[in-house]
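What follows is a set of notes on a single structure, which appears directly below.
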Ligand SMILES: Cc1cc2nc3c(=O)[nH]c(=O)nc-3n(C[C@H](O)[C@H](O)[C@H](O)COP(=O)(O)OP(=O)(O)OC[C@H]3O[C@@H](n4cnc5c(N)ncnc54)[C@H](O)[C@@H]3O)c2cc1C
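Residue numbers (the numbering used here): 99 to 440.
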């Protein structure tokens, strides 16, 4: 009998969402990761699920418009997802120059020392713990029958005359009728091994974790000088642009600047301590748009690589899984196809 297996390479938020949406629907699913689930860019993510509207002519607009609703759906299926629907505030033109405004930032963020007179307020925005969400999706996929192989590096695709029939890994060959690459920055090398070029670059960004008194920050705050949100235990997450740091000392200096800025911005924050600082390597398509679908000239291969993958994971995972299982193209993904690069 024909092997109808699906192998998903990469257990970040995207691979985990795909495995969850693929599993239990009549085809064996195997999820492979070189490390543990969530150990790539997902681990270092700020994990803001941003519902800000995008220009409707952006190729990914139909997908992005689904992002928040799809998380609402996922939350009803997996209540332990623990999404924090805190809303977001941004000002000084960061991210957005127009949108629904509030002139009462002080009421929303009472500990902010110097609130702006006006800010863009998106009460529908949310955030989650990206690694916990990935683990939960993987666990739910396994409950539906998916197999998980951790510590297993995919080294090459088995491919003849454009037909992919499995993955070579450090644990041997895993045959598959469909191989789904959700390997973040690792997707590019696996594709180039069979002559498929994906213009996706590794793009570094920094995540600083601080420990402050709980309850200082209530929403997601985004300004040109500071992006922060806070967890219930007091942990503050603050992403930063990468500015050429090449060693731990330079990273620590960046973290100290973030700490000092945070401490100067909120009442009761003077004791704030640095917990950690790390670089995450985001898979960044060169045109900024998601790459989702079957590369031209291949059979048995499907790629899913994108920036803002936390925001898009619920929607992209469901739509891509449905395409893979049914063969019918999802219109919402029409602007995300890999062939646009050819
Ligand atoms: C500081 C920072 C802040 C961010 N903030 C946000 C935000 O607020 N909102 C948002 O939406 N996005 C944000 N992002 C981006 C987001 O985190 C990424 O888009 C997302 O994590 C990518 O998920 P992924 O599953 O595609 O890739 P990854 O999480 O990188 O997962 C890929 C997985 O594939 C595995 N892998 C790779 N190669 C192989 C191989 N050959 N064999 C086996 N396994 C392999 C890796 O081990 C990894 O687990 C941020 C990123 C950073 C770094």
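C-beta atoms are modelled at their ideal positions from N, C-alpha and C, and glycine is treated no differently. If you're wondering where the values come from, they're calculated on a predicted model, not measured in any experiment.
Confirm, please, whether the CB-CB distance from residue j to residue i is below 7 angstroms.
{"i": "residue 135", "j": "residue 233", "result": "yes"}
{"i": "residue 355", "j": "residue 370", "result": "no"}
{"i": "residue 181", "j": "residue 224", "result": "yes"}
{"i": "residue 275", "j": "residue 102", "result": "yes"}
{"i": "residue 301", "j": "residue 380", "result": "yes"}
{"i": "residue 119", "j": "residue 419", "result": "yes"}
{"i": "residue 107", "j": "residue 279", "result": "yes"}
{"i": "residue 150", "j": "residue 194", "result": "yes"}
{"i": "residue 343", "j": "residue 352", "result": "yes"}
{"i": "residue 441", "j": "residue 164", "result": "Outside the shown range of the chain, which is 99 to 440, sits residue 441, and nothing can be said about it."}
{"i": "residue 138", "j": "residue 282", "result": "yes"}
{"i": "residue 320", "j": "residue 243", "result": "no"}
{"i": "residue 218", "j": "residue 197", "result": "yes"}
{"i": "residue 340", "j": "residue 303", "result": "yes"}
For residue i, which residues in the same chain have their Cβ closer than 7 angstroms to its Cβ, ignoring the five residues on either side in sequence?
{"i": "residue 316", "result": "184, 206, 207"}
{"i": "residue 437", "result": "394"}
{"i": "residue 236", "result": "109, 114, 117, 129, 135, 246"}
{"i": "residue 229", "result": "136, 140, 141"}
{"i": "residue 427", "result": "421"}
{"i": "residue 389", "result": "296, 298, 383, 401, 403, 404, 434, 436"}
{"i": "residue 416", "result": "119, 168"}
{"i": "residue 176", "result": "234, 238"}
{"i": "residue 273", "result": "101, 103, 263, 264"}
{"i": "residue 350", "result": "375"}
Below 6 angstroms CB to CB, which residues in the same chain sit around residue i once its five sequence neighbours on both sides are set aside?
{"i": "residue 142", "result": "305, 376, 378"}
{"i": "residue 216", "result": "199, 201"}
{"i": "residue 423", "result": "123"}
{"i": "residue 439", "result": "297"}
{"i": "residue 112", "result": "280, 402, 407, 411"}
Quick one: residues in its chain with C-beta nearer than 8 angstroms to the C-beta of residue i, no 5 flanking neighbours on either side, listed in chain order?
{"i": "residue 250", "result": "130, 131, 132, 267, 268, 269"}
{"i": "residue 367", "result": "209, 310, 311, 314, 360, 361"}
{"i": "residue 364", "result": "209, 210, 211, 310, 314, 315"}
Opposite residue i in the DSSP bridges: which residues?
{"i": "residue 365", "result": "None; residue 365 has no bridge partner."}
{"i": "residue 128", "result": "105, 245"}
{"i": "residue 325", "result": "320"}
{"i": "residue 379", "result": "302"}
{"i": "residue 262", "result": "257"}
{"i": "residue 272", "result": "265"}
{"i": "residue 146", "result": "225"}
{"i": "residue 338", "result": "304"}
{"i": "residue 399", "result": "277"}
{"i": "residue 217", "result": "200"}
Candidates the options: which alpha carbon is nearest residue i's?
{"i": "residue 241", "options": "209, 128, 338, 168", "result": "128"}
{"i": "residue 168", "options": "155, 193, 343, 147", "result": "147"}
{"i": "residue 255", "options": "117, 350, 200, 401", "result": "401"}
{"i": "residue 409", "options": "121, 144, 427", "result": "144"}
{"i": "residue 154", "options": "439, 433, 440", "result": "433"}
{"i": "residue 407", "options": "126, 121, 125, 166", "result": "166"}
{"i": "residue 431", "options": "162, 352, 344, 322", "result": "162"}
{"i": "residue 191", "options": "214, 171, 204", "result": "214"}
{"i": "residue 262", "options": "277, 271, 272", "result": "277"}
{"i": "residue 308", "options": "373, 176, 170", "result": "373"}
{"i": "residue 385", "options": "157, 121, 257", "result": "157"}
{"i": "residue 187", "options": "197, 196, 220, 171", "result": "220"}
{"i": "residue 453", "options": "425, 335, 324", "result": "Look at the range of the chain in this structure, 99 to 440, and you will see that residue 453 is not part of it."}
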